[in-house]
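Student:
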Ligand code: AZC
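Numbering (our numbering), first residue to last: 8 to 821.
1. With a 10 Å radius around its C-beta and 16 neighbouring C-beta atoms as the bar for buried, classify residue 748 as buried or exposed.
2. Can you list, in chain order, the residues of its chain whose CB lies under 7 Å from that of residue 713, leaving out five sequence neighbours each side?
3. Helix, strand or coil: how does DSSP classify residue 92 here?
4. Answer with buried or exposed for residue 699, where buried requires no fewer than 16 other C-beta atoms within 10 angstroms of its C-beta.
5. Per DSSP, which residues does residue 78 bridge with? Please list them.
6. Assess contact between the region 633-650 and the region 660-680, defined as three or more Cβ pairs (one per stretch) separated by less than 8 Å. Is contact present?
7. Tell me the residue span of the alpha helix (DSSP H) that contains residue 403.
8. With the cut-off set at 8 Å, would you say residue 285 and residue 144 are in Cβ contact?
9. Which residues in the same chain as residue 588 place their Cβ atom closer than 6 Å to its Cβ, once the five residues preceding and following it in sequence are excluded?
10. Run through DSSP, which three-state label would residue 206 get?
11. My output table needs one value for residue 647: the three-state DSSP class, helix, strand or coil.
12. So, are the CB atoms of residue 214 and residue 185 less than 8 Å apart?
13. Kindly indicate the opening and closing residues of the alpha helix (DSSP H) around residue 760.
14. Ignore the nearest five residues each way along the sequence and tell me which others in residue 209's own chain have a CB closer than 8 Å to its CB.
15. Are the beta-carbon atoms of residue 110 and residue 86 separated by less than 8 Å?
16. Rounded to whole angstroms, how far is the Cβ of residue 568 from the Cβ of residue 725, which I believe are closer than 8 Å?
17. Is the CB-CB distance between residue 641 and residue 788 below 8 Å?
18. Would you call residue 162 buried or exposed, if buried means 16 or more other Cβ atoms sit within 10 Å of its Cβ?
19. Are there three or more Cβ pairs, one per stretch, closer than 8 Å when the region 256-270 is compared with the region 236-243?
20. With residue 349 as the anchor, note down where its alpha helix (DSSP H) starts and where it stops.
21. Excluding the 5 residues preceding and the 5 following residue 500 in the sequence, name in chain order all residues of the same chain whose CB lies nearer than 6 Å to its CB.
22. If we ignore side chains and look at the alpha-carbon of each, how far apart do residue 37 and residue 113 end up?
23. Could you tell me which of 635, 638, 574, 592 sits nearest to residue 612, measuring between CA atoms?
24. Do residue 592 and ligand 1 come close, with the Cβ less than 7 Å from some heavy atom?
25. Is the region 791-800 in contact with the region 134-150, if contact means three or more CB pairs nearer than 8 Å?
26. Within the present structure, is the beta-carbon of residue 363 separated from the nearest heavy atom of ligand 1 by less than 7 Å?
27. Identify every residue that forms a DSSP beta bridge with residue 189.
28. Does the distance from the C-beta atom of residue 69 to that of residue 318 stay below 8 Å?
29. Is the separation between the beta-carbon of residue 176 and that of residue 58 shorter than 8 Å?
30. Can you tell me whether residue 578 is buried or exposed? The criterion is at least 16 other CB atoms within 10 Å of its CB, across all chains shown.
31. Please state whether DSSP places residue 218 in a helix, a strand or coil.
32. Beta carbon of residue 133: closer than 7 Å to some heavy atom of ligand 1?
33. Suppose the cutoff is 6 Å on Cβ atoms and the five residues either side in sequence are ignored; what does the same chain contact list for residue 505 look like?
34. Are there any heavy atoms of ligand 1 lying less than 7 Å away from the beta-carbon of residue 129, as far as the coordinates show?
35. Using only the alpha-carbon positions, how far apart do residue 202 and residue 385 sit?
36. Give me, in chain order, the residues of the same chain whose beta-carbon lies closer than 6 Å to that of residue 482; leave out the 5 immediate sequence neighbours on both sides.
Next comes the structure, spelled out in structure tokens:
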């Protein structure tokens with residue numbers, strides 16, 4: 008948009024006064040942030056409203072991305088970049104004696120997600136708008152996002168994330184678009200006008216109230232919408248009669264029970280804990296979202312039988328799986344279509360992404376729970392299952408009689424949500440080549456054979472605008488100086504940087520930028536936690552959720568072994584190295600929590616030991632999240648992507664780090680394999696078992712972890728350090744970690760991969776010593792990262808699955 012500095016200053020001073028009721032000199036940083044947010048939102052409004060009018064007018068096919076999680080982070084600076092007003096605003100604020108940096112610190116992270124899955128949804132929102140796809144997000148407006156983590160005495164302690172406590176300037180409440188969602192009750196069946204009709208009776212009614220947040224594309228005037236639903240009690244306040252009788256407890260507890268639905272995000276990443284409230288959350292937003300879509304579709308006057316031609320609904324993992332029976336319900340019970348018509352529309356509307364192969368993450372709901380919470384929905388699922396079984400039984404009863412039971416949606420007293428998604432959608436995709444291949448050939452093989460062509464791959468991506476352009480301005484400028492700014496719209500043109508591959512001046516500047524970013528991060532860390540780190544050491548970074556399969560344990564055991572070697576030989580020629588960890592553990596995941604304590608205990612030992620602390624430092628960065636990531640990633644030298652092969656579906660942190668010039672230490676897992684294909688084997692450090700080997704060892708039970716422990720003295724000493732008193736904790740402190748490794752035969756092959764990990768780490772350090780070689784490696788990683796932009800991912804989804812129109816701009820369609 009057009010905006011000059013003077014106009015901005017004028018607008019801003021007025022807004023500040025109106026919002027805070029005080030002059031600039033007396034305003035707080037919060038006032039300043041709030042006024043700025045509200046002004047930026049206003050600047051966006053014409054395009055936002057215009058976009059939705061244009062989509063309606065053009066009867067456009069639209070995409071709705073249903074996701075339980077949207078891990079958005081902060082929005083202010085992103086918005087300003089998208090609108091092309093960043094520099095003007097920054098200058099205007101400086102003129103007024105204010106600092107944009109300070110003001111943007113007042114914004115709270117929108118942390119409505121656990122990790123990869125939720126952050127992917129946020130990147131997709133950005134890319135859909137920027138690529139020009141009419142695509143919106145549908146989710147839950149949790150009052151509390153993912154918990155805030157504090158490290159106290161080395162332990163993770165969780166605190167509630169009160170992100171809404173000072174209001175959210177970006178959202179717009181839409182009370183007129185609220186819909187009712189029904190739980191419980193019973194189904195009454197009637198035969199009216201020649202057809203079976205189903206009524207829900209005696210249900211508990213919850214109001215789903217939408218809050219809309221604008222999602223602007225990058226300087227294209229398109230503004231899509233993220234719609235998050237909040238649960239409210241139906242009567243506007245509470246039961247007044249009960250209140251006047253003095254029945255306060257009952258009155259309030261009913262209101263709270265309803266509102267509990269959108270109260271808090273479950274803090275489990277890739278793990279399903281099967282709570283009833285969680286199932287309520289899933290149905291709540293799915294039903295609300297579909298009713299909203301249905302309502303506006305009907306307003307358009309288009310025939311209901313064409314619903315799938317105008318709406319593509321994508322479900323992010325199985326959490327929104329109930330969209331399938333819910334859409335069936337709406338089409339049959341409300342729109343009066345028959346089963347076959349409704350089924351055709353439903354399956355052609357819905358597509359599904361699987362994000363994990365881990366069995367503990369696969370959602371299954373007990374039949375009796377589903378039946379009593381959602382009686383009509385359960386009936387529909389039963390009917391889908393019955394019809395599907397009929398076909399599979401006919402097909403397989405002679406060849407393999409067990410197969411139709413294996414494929415059933417309802418089995419062992421449970422509803423298998425992944426099976427429901429596969430049967431009820433027209434496309435099933437994995438999130439990296441290896442993951443999609445394992446889905447099709449192993450975990451979901453019978454389905455892939457049954458549904459030829461339904462399974463496909465869409466390798467994940469990240470928005471290079473947030474993760475490079477905005478969070479690493481020095482590197483962005485250096486790139487633009489060399490190849491122009493086309494890469495912002497067409498990220499694969501980053502490949503043109505390859506011509507600087509052996510240009511000493513260019514590479515030197517690249518390293519100077521990395522050094523400056525490292526200084527920035529060390530200042531940030533010092534300011535936020537009081538910890539000092541040395542920008543001349545290697546920054547070796549592992550940032551992601553804490554999980555046994557991600558193997559933070561392998562990293563820390565290797566650090567412990569380096570410590571032991573250094574203690575024996577203090578003159579060991581090592582380049583100083585800072586190991587940084589950032590990770591939240593699910594509050595109920597004890598092994599993960601012990602790993603956090605272990606990292607901190609090792610850090611305490613090493614950082615205080617003068618024999619080693621010139622060469623090694625271990626830092627656990629508190630409360631890892633989107634904003635912390637934006638500070639760390641530009642400074643990274645080494646990216647640790649060391650999951651047990653076959654366990655990490657894709658990973659996306661790996662992409663962010665490579666894009667910022669870090670070199671990856673990797674197993675052949677998830678998207679690491681595609682990073683290898685992009686950069687070539689000389690620009691990545693690979694180690695460890697392959698997925699095939701992991702499957703083989705697991706299947707034939709030939710792995711013996713204890714033998715490795717006995718035969719590798721250094722590794723044994725590192726493991727024993729957990730219990731022998733060196734760490735200044737009780738010998739019981741890390742018993743879960745130790746027993747997972749030794750008593751339960753190390754399910755994630757930490758011991759098996761240890762030696763090859765230690766070897767590759769040595770190689771990485773040798774490479775780092777050679778500055779020229781390292782800087783060229785770093786450059787190749789940046790240059791080849793364009794394919795990991797979520798713009799590419801979104802274009803792939805749209806080309807193969809959604810098939811929505813792509814608009815360069817909507818100007819002129821109004
Ligand atoms: C994650 C995967 O673990 C990660 O590898 C992937 O990059 C990310 O999704 C985005 O696709 N999965 C989850 O966070 N959660 C579940 C239930 O899979």
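For glycine and all other residues, C-beta sits at the position ideal for the given N, C-alpha and C.
Tutor: With the structure as the only source:
1. buried
2. 749
3. coil
4. exposed
5. 118
6. yes
7. 382-403
8. no
9. 549, 606, 627
10. strand
11. strand
12. yes
13. 757-776
14. 191, 192, 193
15. no
16. 4 Å
17. no
18. exposed
19. yes
20. 346-356
21. 493, 494
22. 6 Å
23. 574
24. no
25. yes
26. yes
27. 212
28. yes
29. no
30. exposed
31. strand
32. no
33. 790
34. no
35. 20 Å
36. 520
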